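S.K.: For the sequence shown, UniProt numbering begins at 1 and goes up steadily by one.
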Amino acid sequence: MCEVFISADPDSYASRTRSVRLHGVVTSIRLENLYWDVLSEIGERDGMTVVQLIEKLYDELVAARGEVGNFSSFLRVSALRYMALQAHDRIPMDNAVPIRSLDARAVLHALPSHWALPPHTGTVVPLRRKG
């Protein structure tokens, strides 16, 4: 079993820090190279650079939840979800198919309960910002 995991290229789990400007504020994001590669692939599917994808994810996360929390962890989970959704035939393996062209409800339909938020129960209540 372990050979499947230990045979990974050490460069894939080496970390890299990138500076990203989010609405005029420069922030650093540190991720393992494999996550950067997956995020790059996701962005390329929709004609975006990694930085443009990160800005879009940040903006949509703030709009949906009112705060970001641990954004680096969110990006890691986003990359893992992308790969898991591909493995479960929810997102096509063909990178020529943009993510934005997919029906999100169909992609997310009947996911295991631990993969998604509880069902929508009414009005969205934004989280309070700390500070």
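Note that CB positions come from ideal geometry on N, CA and C, so glycine has one too.
Keep in mind the model is a prediction, meaning the values are calculated, not measured.
What residue from E41, E60, V51 has the CA that sits closest to A79's CA?
M.R.: For A79, the nearest C-alpha among the options comes from E41.
S.K.: How is I29 classed by DSSP in three states: helix, strand or coil?
M.R.: In the structure shown, I29 sits in a strand (DSSP, three-state: E or B).
S.K.: In the DSSP output, which residue or residues are listed as bridge partners for L34?
M.R.: According to DSSP, which records beta bridges pairwise, L34 is partnered with nothing at all.
S.K.: Looking only at its own chain, which residues have a Cβ that is under 6 Å from the Cβ of R30, when we skip the five neighbours before and after it?
M.R.: Here the set comprises S15, T17.
S.K.: Mapping the DSSP letters down to three states, classify S19 as helix, strand or coil.
M.R.: Three-state result, S19: strand.
S.K.: Less than 7 Å separating the beta-carbons of D59 and N33?
M.R.: No, the pair does not count as a contact, with Cβ atoms beyond the cut-off.
S.K.: Can you find the residues in the same chain that come closer than 6 Å, C-beta to C-beta, to P98, ignoring five residues on each side of it along the sequence?
M.R.: Correct list, in chain order: R45, D46.
S.K.: Would you decide whether R129 is buried or exposed? Buried here means 16 or more other CB atoms lie within 10 Å of its CB.
M.R.: Residue placement at R129 is poorly supported in this model, since its pLDDT is 41, which falls under 50; the coordinates still yield a value, given next. The residue in question, R129, is exposed, as its Cβ has fewer than 16 Cβ neighbours within 10 Å.
S.K.: Any contact of the region 83–92 with the region 102–114, i.e. 3+ C-beta pairs under 8 Å?
M.R.: Output reads yes: the region 102–114 touches the region 83–92.
S.K.: Give the secondary structure of R100 by DSSP, where H, G and I count as helix, E and B as strand, and everything else as coil.
M.R.: Correct three-state label for R100: helix.
S.K.: So, L39 versus V26, is the Cβ gap smaller than 7 Å?
M.R.: Not a contact, by the Cβ cut-off of 7 Å.
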